Structure formats: C-alpha cells, structure tokens
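Heads up: the sequence shown begins at 7 in our numbering, then just goes up one per residue. Backbone N, C-alpha and C fix where the C-beta goes; we use that ideal spot for every residue, glycine too. These figures come from a predicted structure and were not determined experimentally. See structure below.
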Amino acid sequence: MNVSIKKLGVAVACVLSGSSAFADGMMDAVMPEHVPLVIGAAVGVLPDYLGSDDTTVGVAPMVRYQFKDSNRFVALVANELDVNLLNSLSWRAGPVFNYSFGREDVDDPVVDRMIDLDSFLEYGAFIQYVAADPQNPRNRWTLGLTGLMNSQDGNEGTRMRLAGQYFHQISKAVDLNMGAGMWYADEDWNNYFFGVNAGNRGTSGLPDFTAGSGANQYFANVSAIVYLSKSWALAGGVRYANIAGDAADSPLVEGVAGRGAQDQWIVGMGVTYLSW
C-alpha cells in the first residue's frame with residue numbers, strides 16, 4: 007500500500023463515494039454541539055479513490071456556527087455544508103450542499119489510465135432527530151437522513167445517506183462517539199463512479215461493467231474527543247466502510263480485475279478551537 011501526500015485540502019473528505027466521509031460521522035466528535043462557534047481542522051489517512059487499496063493523506067476544515075438564542079446553525083464539515091433552519095432541540099432540517107470530488111491522478115497505474123472524472127456540486131436536504139440528555143447535552147444520540155442530487159450536466163445521479171451516532175461523556179474531559187450508516191445511490195450515480203465503458207475506459211484495458219441502483223456502502227465509526235481546556239479540544243477516530251452491492255463487483259474495486267478493495271479505512275485526528 008502506497009501512502010502519498012497529495013490532494014491536500016478539502017479533498018481528504020471526498021474519497022469514499024465522492025462524499026464527505028468525515029461528515030458520515032468521522033468528525034462529529036470534534037464538533038461539540040453545545041458551543042456557539044467551533045473552528046478546526048482534521049488530518050487523515052484514507053483510500054486514494056473510492057474502492058482503492060492505495061492510501062493518501064490530506065486535511066479538511068471544520069466550522070460550526072450556532073445563531074444566538076437559537077438552535078439554528080450552519081456547519082461546514084470538510085466538503086459538506088449543512089444549514090439547519092429549525093429552532094428545535096429535537097429536530098434539525100434544511101438544505102445541504104456537497105462538493106463531490108472526481109477521480110484523477112490516482113496511484114493505481116491501470117485506473118490512472120482511465121478518463122478523469124470531473125468534480126461536481128451536489129445539493130439536497132437533510133433531516134435529523136436528536137435525543138439529548140437535558141442535564142448534559144454531551145450525552146446524546148442522533149438519527150438522520152440526507153438526500154443529494156447532482157448538478158452536473160450528463161450525470162443526474164442521486165443518492166441518500168442514513169446515519170446514526172451516539173455520544174457519551176465518560177469523564178470530565180473525554181467523550182466517546184460511535185456511529186453507523188449506509189449510502190444508497192441510483193444507477194446513474196453508481197455508474198459514474200464504478201462503471202467502466204468505452205466512454206471512460208481510456209487506455210486502462212479494464213472490462214465493461216454496469217452497476218445498478220442500490221446500497222453501495224455500509225460504514226461504522228468510533229472516535230473520542232478530549233477537552234484540553236475550555237477553548238481547545240482534540241479528537242481521533244477510525245472509520246470503516248464496506249463497498250457493497252453492484253459496486254463491490256466493479257473492476258475498480260475487487261471485481262474481475264481486482265484493482266482495489268471492498269474494505270475502506272480512514273484513520274484521522276482533528277483539533278478545534280471553541281469560542282464561547
């Protein structure tokens with residue numbers, strides 16, 4: 007497995023299914039919800055592209071601003087922006103925007119000879135239920151659904167994410183976080199990232215492959231946050247994802263040609279400044 011320091015910036019978060027893998031739960035622990043303003047960054051080791059068995063290193067930004075005397079907030083987690091429009095302790099809902107990175111300049115010499123995939127903007131909406139301890143908001147669980155549509159011409163794919171997270175304070179300075187979820191995508195989206203045809207094969211020699219709609223990824227994460235002071239926090243975690251459904255049979259993953267891997271791991275850590 008090669009580790010290359012490239013694609014720095016927000017791109018670290020895109021690798022699993024062109025989405026914010028960190029937004030799936032990897033960075034939630036280091037974004038405390040009981041603080042008006044959180045600013046931070048994370049660094050991680052993660053797959054080179056969706057389905058790859060090579061790894062890369064990158065960084066991603068984190069910003070969360072909660073409006074005064076309100077439960078409404080704006081949160082940027084890597085390349086995903088959520089805007090909560092509800093002033094509710096239990097429910098959150100609003101628009102979501104995700105900058106989905108394509109695939110280019112990858113380490114695998116065969117996949118790198120395919121036609122590059124363009125990056126594009128996704129837009130949609132999310133809804134989330136939150137059950138928090140009224141005496142201690144650090145103890146809570148969440149369940150949310152996010153739907154995204156592609157704004158790119160000629161690639162009108164859509165997908166949905168279902169994810170749950172659990173947070174628990176184990177000491178004055180330490181919280182633990184565990185979560186799990188899945189991604190579902192239609193045929194257009196799955197074929198954009200997993201399909202092989204005359205239009206994208208390039209000189210790779212990979213066999214034709216067409217993916218249908220369905221669940222293409224199941225994931226789980228475990229992380230911890232350590233409050234170093236009232237203003238600073240440090241977190242670290244691990245995220246595992248399994249490429250599933252038709253996507254798992256793609257030549258880009260394991261499939262006939264065996265270019266990548268179904269098992270996808272991210273190991274990362276982040277630091278945040280908490281402004282009260």
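Quick check on Asn-196: does DSSP put it in helix, strand or coil? The sequence position of residue 196 within the sequence shown is 190, counting from 1. Here Asn-196 sits in helix by DSSP.
Length-filtered (3 minimum) beta strand (DSSP E) runs lying within the stretch 77-134: Listed in chain order, the complete beta strand (DSSP E) runs (minimum 3 residues) inside the stretch 77-134 are 79-83, 86-90, 97-106.
Spatially closest choice to Gly-153 from Ala-131, Arg-144, Ala-81, by CA coordinates: On the sequence shown, residue 153 is found 147 positions in, with the first residue counted as 1. It is Ala-131 whose Cα lies nearest to the Cα of Gly-153.
Quick one: measure Cβ to Cβ for Ile-249 and Asn-222, integer angstroms, because I've assumed they're closer than 8 Å. Your numbering for residue 249 matches position 243 in the sequence shown. Your numbering for residue 222 matches position 216 in the sequence shown. Contact annotation, Ile-249 with Asn-222: C-beta distance approximately 7 Å; criterion of less than 8 Å satisfied.
Ordered along the chain, which non-local residues of its own chain (more than five positions away) have a Cβ less than 6 Å from that of Lys-13? Translated into positions along the sequence shown, residue 13 becomes position 7. Residue confidence is low: Lys-13 scores 46 on pLDDT, short of 50, so the model does not pin down where it sits. Its coordinate-derived value is still stated next. For Lys-13, the CB contacts under 6 Å within the same chain, skipping 5 residues up- and downstream, are Thr-62, Gly-64 in chain order.
In this structure, how does DSSP classify Asp-139 when only helix, strand and coil are distinguished? Taking the sequence shown and counting its residues from 1, one reaches residue 139 at position 133. Note: Asp-139 maps to strand in three-state DSSP.
From the DSSP output, in three-state form, read off Val-273 for me. Numbered from its first residue, the sequence shown carries residue 273 at position 267. In this structure, Val-273 counts as strand in the three-state DSSP scheme.
Does DSSP put Ala-267 in a helix, a strand or coil? Here residue 267 corresponds to residue number 261 of the sequence shown, with the count starting at 1. If DSSP states are grouped into helix, strand and coil, Ala-267 belongs with coil.
Less than 6 Å between C-beta atoms, sequence neighbours within five positions excluded: which residues of the same chain meet that for Tyr-233? Position 227 of the sequence shown, counted from the first residue, corresponds to residue 233. The beta carbon of Tyr-233 lies closer than 6 Å to those of Ala-179, Ala-239 in the same chain, with the five residues before and after it left out.
Comparing alpha-carbon positions, which option in Gly-57, Tyr-279, Thr-164 lies nearest Gly-220? The residue given as residue 220 occupies position 214 in the sequence shown. Checking every option, the nearest Cα to that of Gly-220 belongs to Thr-164.
Closer than 7 Å by C-beta to Leu-127: which residues in its own chain qualify, once you throw out the five before and the five after it? Chain order, please. Along the sequence shown, read from residue 1 onward, the residue named residue 127 stands at position 121. Excluding residues within five positions, the ones whose Cβ falls inside 7 Å are Phe-103, Tyr-105, Ser-157.
Host beta strand (DSSP E) of Trp-238 (start-end): The count along the sequence shown starts at 1 and reaches residue 238 at position 232. Counting along the chain, the unbroken beta strand (DSSP E) around Trp-238 starts and ends at 238-249.
Can you tell me whether Ala-217 is buried or exposed? The criterion is at least 16 other CB atoms within 10 Å of its CB, across all chains shown. Here residue 217 corresponds to residue number 211 of the sequence shown, with the count starting at 1. So Ala-217 counts as buried.
Let's test the definition: count the other Cβ atoms within 10 Å of the Cβ of Asn-183 and tell me whether it reaches 16, buried, or not, exposed. For the purposes of this step, residue 183 is taken as the residue at position 177 of the sequence shown. By the C-beta density criterion, Asn-183 is buried, having at least 16 other C-beta atoms within 10 angstroms.
Sorted by chain position, which residues of the same chain lie with C-beta nearer than 6 Å to Asn-8's C-beta, five sequence neighbours on each side aside? If you number the sequence shown from 1, residue 8 lands on position 2. Residue confidence for Asn-8 is low, a pLDDT of 49 falling below 50, so the modelled location carries little weight; the figure read from the coordinates is stated next. Asp-60, Asp-113, listed in sequence order.
Who pairs with Val-228 in a beta bridge, going by DSSP? Residue mapping note: residue 228 aligns to position 222 of the sequence shown, counting from 1. DSSP lists Met-184, Val-244 as partners of Val-228.
Could you spell out where the beta strand (DSSP E) holding Arg-70 opens and where it closes? In the sequence shown, the residue the question calls residue 70 occupies position 64. Run containing Arg-70: 61-72, per the beta strand (DSSP E) assignment.
Check whether chain C comes within 9 Å of Gly-108, counting only Cβ atoms and requiring the distance to be less than that. Among the chains in the structure shown there is no chain C, since it carries only a single protein chain.
In terms of residue numbering, what span does the beta strand (DSSP E) encompassing Leu-56 cover? The residue given as residue 56 occupies position 50 in the sequence shown. That residue, Leu-56, is in no beta strand (DSSP E); it is neither H nor E in DSSP.
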